[in-house]
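The next block holds one structure in the form of structure tokens; read it before the comments.
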Amino acid sequence: MSIYDTLNKEQREAVFHTDGPLLILAGAGSGKTRVLTHRIAYLIEEKGVNPWNILAITFTNKAAGEMRERVDQLVGFGSESIWVSTFHSSCVRILRRYIDRLGYENNFTIYDGDDQKILMRDVCKMAAIDTKVYKERSLLAAISSAKDEMISPEEYELNAAGDFGKQKTAKVYREYEKQLRANNALDFDDLLVKTVQLLQTQPDVLEYYQQRFRYIMVDEYQDTNTVQFKFVSLLAGKYKNLCVVGDDDQSIYKFRGANIKNILNFEKEFQDAKVIKLEQNYRSTGNILSAANAVISNNVGRKAKSLWTENKEGEKIQLRQFDTAYDEAEFIAEDIRKNVGAGAVYNDNAVLYRTNAQSRLLEERFVSSNIPYKIVGGVNFYARREIKDLLAYLKTIDNGQDDLAVRRIINVPKRGIGLTTINRVQESAAKREIGFYDALRGLDLIPNIARGAAKLESFVALIEYFKGVARTESLSDLIKEIIEKTGYVEELETEDKEDAQARIENIDELISKIAAYEENSQDRDEKPTLSGFLEEVALVADIDSLDENQDYVVLMTLHSAKGLEFPHVYLAGMEDGLFPSYMTVTSDDPEEMEEERRLCYVGITRAKKELTVSCARKRMVRGETHYNKTSRFLKEIPEELMETGKTFREDLEIPTQNAYFQAKQAFKTKAFSTGKTAQQFTVTKGKKLDYTVGDRVRHIKFGEGTVEAITEGGRDYEVTVQFDKAGVKKMFASFAKLQKIK
DNA sequence: CTTGTTAGGATTTTT
DNA sequence: TCCTAACAAG
2 MSIYDTLNKE
12 QREAVFHTDG
22 PLLILAGAGS
32 GKTRVLTHRI
42 AYLIEEKGVN
52 PWNILAITFT
62 NKAAGEMRER
72 VDQLVGFGSE
82 SIWVSTFHSS
92 CVRILRRYID
102 RLGYENNFTI
112 YDGDDQKILM
122 RDVCKMAAID
132 TKVYKERSLL
142 AAISSAKDEM
152 ISPEEYELNA
162 AGDFGKQKTA
172 KVYREYEKQL
182 RANNALDFDD
192 LLVKTVQLLQ
202 TQPDVLEYYQ
212 QRFRYIMVDE
222 YQDTNTVQFK
232 FVSLLAGKYK
242 NLCVVGDDDQ
252 SIYKFRGANI
262 KNILNFEKEF
272 QDAKVIKLEQ
282 NYRSTGNILS
292 AANAVISNNV
302 GRKAKSLWTE
312 NKEGEKIQLR
322 QFDTAYDEAE
332 FIAEDIRKNV
342 GAGAVYNDNA
352 VLYRTNAQSR
362 LLEERFVSSN
372 IPYKIVGGVN
382 FYARREIKDL
392 LAYLKTIDNG
402 QDDLAVRRII
412 NVPKRGIGLT
422 TINRVQESAA
432 KREIGFYDAL
442 RGLDLIPNIA
452 RGAAKLESFV
462 ALIEYFKGVA
472 RTESLSDLIK
482 EIIEKTGYVE
492 ELETEDKEDA
502 QARIENIDEL
512 ISKIAAYEEN
522 SQDRDEKPTL
532 SGFLEEVALV
542 ADIDSLDENQ
552 DYVVLMTLHS
562 AKGLEFPHVY
572 LAGMEDGLFP
582 SYMTVTSDDP
592 EEMEEERRLC
602 YVGITRAKKE
612 LTVSCARKRM
622 VRGETHYNKT
632 SRFLKEIPEE
642 LMETGKTFRE
652 DLEIPTQNAY
662 FQAKQAFKTK
672 AFSTGKTAQQ
682 FTVTKGKKLD
692 YTVGDRVRHI
702 KFGEGTVEAI
712 TEGGRDYEVT
722 VQFDKAGVKK
732 MFASFAKLQK
742 IK
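Residue numbers are given in the working numbering: position 312 of the first sequence equals residue 313, and the series is strictly consecutive.
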């Protein structure tokens with residue numbers, strides 16, 4: 002019996018078809034990862050392919066890690082020399098070796114969205130563009146889609162003839178590119194664009210990678226954009242051993258340039274491509290799958306396919322409607338608690354929503370219900386202020402050409418270097434066409450900075466000192482030295498007590514991430530370098546931090562949930578205007594609604610055993626109360642598949658723009674809630690706390706600590722606790738749910 | 001040059 | 001509602 006016997010007919014066909022182009026259309030839950038991993042195993046074990054010649058591209062680092070792990074289990078040895086990585090990190094690896102051929106230095110830095118925006122602001126200032134008329138974000142969006150389509154600034158300009166707005170954009174695009182180059186920096190899109198440019202212009206480099214990657218596999222193929230497709234087709238151009246796996250029904254990144262034509266064009270670009278459909282679903286119950294099929298069948302533009310399953314019908318889909326989003330959150334928390342009581346672990350449950358902002362209410366509810374949870378998304382760890390500051394130090398030490406980084410930290414912590422001084426340096430640097438940091442090193446050449454000169458000099462001396470440390474000491478020592486010498490943490494502490502603790506924790510985490518990086522490199526027999534660390538850090542997504550070994554409920558957006566599965570799934574906020582989003586509802590492009598529906602399909606098919614969909618009649622959005630109808634997607638699920646609780650009333654559909662009605666509602670709500678608060682007031686206060694000053698207590702998130710003070714707040718007790726790990730926190734007793742220890 | 005105040009924007013999704 | 005960036009005052 003071999004490992005391939007457990008596959009079905011189509012899966013086996015896909016695994017055994019090793020040579021020549023192959024397109025696998027894999028429906029949700031049809032075991033595509035199994036096919037990919039078994040295919041790799043088959044290549045190595047049966048076909049004698051050197052692992053070194055295999056490249057597998059996934060969407061996230063997490064998926065890459067999992068794939069490697071699973072291949073590891075199937076293959077005896079050698080899996081470590083397979084390249085399994087994301088598009089972006091593959092490109093970085095190639096560019097680090099060869100980008101000097103395009104006139105960059107090999108230690109280029111990578112700009113994230115925030116960096117791009119700062120750079121764009123400077124560009125607009127320079128080009129005298131009013132950012133009130135042309136927003137940085139929309140300019141960047143235009144440039145990004147141009148890059149996705151591999152349109153250069155010059156081409157963009159040609160296309161812009163006659164269109165004033167486009168001409169402006171073209172001008173900005175050109176200047177933006179110039180600045181990036183001057184900073185020796187690439188943005189995310191550049192990583193792909195420059196790699197393709199490199200492969201197109203350097204025959205020997207192309208030849209090398211074509212030889213090396215004789216077998217290429219691409220996961221989540223439906224979400225690739227034009228430049229990614231070009232990258233893959235160049236690499237596979239010689240041997241054509243390219244296997245792509247995708248599902249057009251799960252294409253949810255069109256807004257980011259994902260090009261559905263890549264699936265359709267595949268057979269054109271690679272003639273005699275074999276196409277295999279995987280249509281048996283192993284993940285979900287019959288009811289869940291029927292619901293998913295029913296919803297997605299409303300889309301016109303899709304490849305015909307029919308997913309089926311041998312699984313049992315299972316539970317009906319639970320539909321709940323609530324008065325407010327608070328009620329919804331409360332229900333979800335309680336229901337999860339019920340699941341856990343019935344034998345599930347927290348990890349079996351996931352709550353999915355359309356926008357990150359929805360996580361807040363849920364989080365509050367989970368804290369007060371003592372349910373461990375993890376929120377994926379929102380602000381990336383490496384995008385936090387304190388982390389970016391420290392990374393800017395590291396970047397400055399590593400690559401003095403990154404002006405953005407230098408300017409970020411020149412006065413952080415405060416050194417009395419103000420805007421006027423910085424601008425003078427900037428002007429002088431621009432005039433002489435040298436970098437900001439280089440200008441700092443030749444201070445005497447800059448006019449009118451007599452007063453600031455001494456401070457600037459000591460800043461330069463500090464950086465030069467760090468460079469020395471970087472040469473002789475380990476990375477861990479370097480970061481500690483930076484924190485020490487700059488007094489960064491002390492500065493934080495004096496600034497604001499509330500935030501400071503969390504920020505210091507983040508810094509500690511950064512230190513351990515650096516240590517982990519050093520360890521990992523040593524395991525791989527690589528030398529840990531500053532550039533290496535910065536590179537790794539630039540490309541991590543929040544989803545990568547999900548850890549199956551920890552038991553928590555996962556909260557995330559539908560987009561982040563792609564590729565994951567859970568026994569119990571909650572789709573929250575199923576309301577028109579939220580999901581599908583307001584933008585989509587008001588748009589006159591029907592394609593957008595189809596994409597939104599695909600997103601819904603992705604959400605439904607994440608569920609293995611039980612799916613709960615919920616909505617609220619009334620929801621606070623940016624401080625305003627919105628009255629939403631139930632989502633049109635709910636109406637697309639056949640009624641017989643659903644079960645509604647007592648709380649659901651479909652008849653009640655509230656008009657959105659009726660001022661009188663809203664006023665009436667608001668009045669009612671107010672009247673009602675005052676009464677309720679008064680009640681709560683007595684309840685909470687009447688209830689005595691079972692701990693007092695000096696007692697040891699436990700908090701769900703912050704761990705153990707000692708109560709330092711208890712004060713009577715407006716309607717609740719305010720408790721100050723010194724936590725062992727998390728520092729001092731102030732919180733409301735009824736919200737914090739502290740438990741006394743012993 | 002630093003600090004405090006205010007006005008405006010954000011929330012559709014992210015490597 | 002909350003956060004950021006721009007502006008004004010010390």
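C-beta: ideal position from N, C-alpha, C; glycine also.
Because the structure is a prediction, the values reported are computed rather than measured.
Counting C-beta atoms within 10 angstroms of its own C-beta, Phe-256 has fewer than 16 neighbours from the protein chains shown and is therefore classed as exposed. Less than 8 Å divides the Cβ of Ala-15 from the Cβ of Ile-277. A distance below 6 Å between beta-carbons, with the five flanking residues on each side excluded, links Cys-125 to the following residues of its chain, in chain order: Thr-132.
Only residues of its own chain outside the window of five on either side were considered, and among them Lys-148 and Leu-181 have a CB closer than 8 Å to the CB of Asp-191, listed in chain order. Only residues of its own chain outside the window of five on either side were considered, and among them Val-426, Ser-429 and Ala-430 have a CB closer than 6 Å to the CB of Ala-440, listed in chain order. Here the alpha carbons of Leu-540 and Ser-90 stand approximately 7 Å from one another.
Rounded to whole angstroms, Asn-312 and Glu-566 show a C-alpha spacing of 16 Å.
For Phe-109, the three-state secondary structure derived from DSSP is coil.
Annotation: Ser-291 is outside any beta strand (DSSP E); the continuous alpha helix (DSSP H) that includes it extends over 287-297. Cβ neighbours of Thr-59 within its own chain (closer than 8 Å, five residues either side excluded): Ala-65, Met-68, Val-85, Ser-86, Thr-87, Asp-220 and Glu-221. Counting the other CB atoms within 10 Å of its CB gives Met-218 a total of 16 or more, which places it among the buried residues. DSSP assignment within the region 375-434 yields the following whole alpha helix (DSSP H) runs of 4 residues or more, N-terminal first: 386-399, 404-410 and 420-433. Taken in chain order, the complete beta strand (DSSP E) segments of 3 or more residues contained in the region 582-648 are 608-622, 625-628 and 643-645. In the DSSP secondary-structure assignment, Met-557 is bridged to Leu-353. Residues His-39, Ala-42 and Leu-75 of the same chain have their beta carbon placed closer than 8 Å to that of Ile-4, with the five preceding and five following residues left out of the count. Look at Val-197 here: in three-state DSSP terms it is helix.
With fewer than 16 other CB atoms across the displayed protein chains lying within 10 angstroms of its CB, Thr-421 is exposed. Here Arg-321 is bridged, per DSSP, to Ser-615.
Listed in chain order, the non-local C-beta contacts of Thr-110 below 6 Å within the same chain comprise Ala-186, Lys-396, Asn-400 and Asp-403, local neighbours out to five positions each way being set aside.
Contact between Ala-57 and Ile-83 holds, with the beta-carbon distance rounding to 7 Å and staying under 8 Å.
Val-296 places its beta carbon 8 Å or farther from that of Ala-27.
The secondary-structure analysis by DSSP pairs Phe-165 with nothing; it has no beta-bridge partner. CA-CA distance, Ala-542 to Val-603, rounds to 20 Å. Distances from the CA of Lys-33 to each of Asp-205, Leu-556 and Gly-564 were compared; the closest alpha carbon is that of Gly-564.
Nearest to Ile-100 by alpha-carbon distance, out of Leu-199, Phe-17 and Pro-154, is Leu-199. Judged by their CB atoms, Arg-618 and Ile-253 are not nearer to each other than the 8 Å cut-off.
For Leu-141, the closest alpha carbon among the candidates Ile-152, Lys-339 and Tyr-177 is that of Tyr-177. From the listed residues Lys-468, Leu-236 and Gln-281, the smallest Cα separation to Phe-214 is found for Leu-236. Going by C-alpha positions, Leu-531 is about 39 Å away from Thr-19. Collapsing the DSSP output to three states places Thr-721 in a strand. Two segments are said to touch when three or more pairs of C-beta atoms, one from each, lie closer than 8 Å; by this definition the region 345-363 touches the region 316-335. Under the 8 Å Cβ criterion, the region 499-514 does not count as touching the region 42-53, having fewer than three qualifying pairs. Lys-241 and Phe-271 do touch by the CB rule: their CB atoms are close to 6 Å apart, below 8 Å. In terms of Cα proximity to Met-127, the closest of Asp-113, Gly-114, Val-173 and Glu-158 is Val-173. Judged by their CB atoms, Thr-225 and Ala-183 are not nearer to each other than the 8 Å cut-off. In the DSSP annotation of this structure, the continuous segment of the alpha helix (DSSP H) that includes Ser-477 starts and ends at 476-487.
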